[in-house]
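The sequence shown maps to residues 5 to 173 in my numbering. Notes to accompany the following structure.
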Amino acid sequence: MRVGYLSKRDSARLLERIRKLGWASGIAGEKIKNVLQIAGENFKIYVVGTYVLAEVGEIIFPTLHEEYNRGLLERLPALVVDMGAVPHIAKGADVMRPGVRSFQGSFVEGDLLVVRDEKNLRPIAISRALKSLEECCAMERGKIAENIHHVDDKIWRLVMDSKHLIKSV
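Shown next, in the form of structure tokens:
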């Protein structure tokens, strides 16, 4: 794990990438002075203002921690899954159509989705849509979303372990 602040140039590049994301409009308007980067094995965590974002490959997404990202998570379309699917998705399984109870918001293939449990509507995973909303509604079985971040994965644990760093920014 490496921890450090991004240079002004790297911060500007990151913020430009974030501004192009539709769900990140709350970040785009803020004046950001410092961006803290926590680099893991194959991912990066960024503390941008009051938000905590993660990057895996070229995909930037909000972490599941509602204390930092509640507003961002509410802007993303959501899949509400039954309680039987929760333990599997929370361990990294992809989202299958039979476990989805309802859809919140509209999305197309490739969009980021928040997976929420039906009882408390808590976010349990961030996924990438493999089908559009219309295709998902028409399906009865099959994989509809790929899990890219879930509760208790390496990203989630690193954010939990780094709370003292995040609060100091």
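Idealized CB from N, CA, C, for every residue including glycine. Just so we're clear, the structure is a prediction, and the values are computed from it rather than from any experiment.
If you draw a straight line from the C-alpha of residue i to the C-alpha of residue j, how long is it?
i: residue 116; j: residue 134; result: 10 Å
i: residue 108; j: residue 77; result: 12 Å
i: residue 123; j: residue 70; result: 17 Å
i: residue 79; j: residue 57; result: 14 Å
i: residue 21; j: residue 65; result: 11 Å
i: residue 118; j: residue 12; result: 31 Å
i: residue 114; j: residue 63; result: 10 Å
i: residue 24; j: residue 88; result: 36 Å
i: residue 15; j: residue 5; result: 19 Å
i: residue 1; j: residue 173; result: Outside the displayed span of the chain (5 to 173) sits residue 1, for which this structure offers no information.
i: residue 29; j: residue 166; result: 25 Å
i: residue 10; j: residue 142; result: 45 Å
i: residue 160; j: residue 138; result: 31 Å
Starting from the Cα of residue i, find the closest Cα among the options and give me that residue.
i: residue 73; options: 92, 53, 85 and 86; result: 53
i: residue 51; options: 136, 68, 114 and 38; result: 38
i: residue 176; options: 173, 164, 14 and 12; result: Nothing in the structure corresponds to residue 176, since the chain is present only between 5 and 173.
i: residue 82; options: 63, 140, 170 and 46; result: 140
i: residue 19; options: 91, 55, 110 and 6; result: 55
i: residue 27; options: 17, 75 and 15; result: 75
i: residue 156; options: 96, 46, 89 and 126; result: 96
i: residue 125; options: 17, 146, 138 and 90; result: 90
Look at the Cβ atom of residue i, then the Cβ atom of residue j, and state whether they are nearer than 8 Å.
i: residue 35; j: residue 41; result: no
i: residue 150; j: residue 131; result: yes
i: residue 103; j: residue 121; result: no
i: residue 60; j: residue 128; result: no
i: residue 154; j: residue 93; result: yes
i: residue 148; j: residue 101; result: yes
i: residue 158; j: residue 44; result: yes
i: residue 106; j: residue 84; result: yes
i: residue 99; j: residue 136; result: no
DSSP beta-bridge partners for residue i?
i: residue 111; result: According to DSSP, which records beta bridges pairwise, residue 111 is partnered with nothing at all.
i: residue 57; result: 50 and 66
i: residue 36; result: Paired residues: none, contrary to the question.
i: residue 9; result: 40
- [ ] Go through the stretch 80-158 residue by residue and report every complete run of the beta strand (DSSP E) that reaches 3 residues or more, in order.
- [x] 82-85, 104-108, 116-121, 127-133 and 147-154
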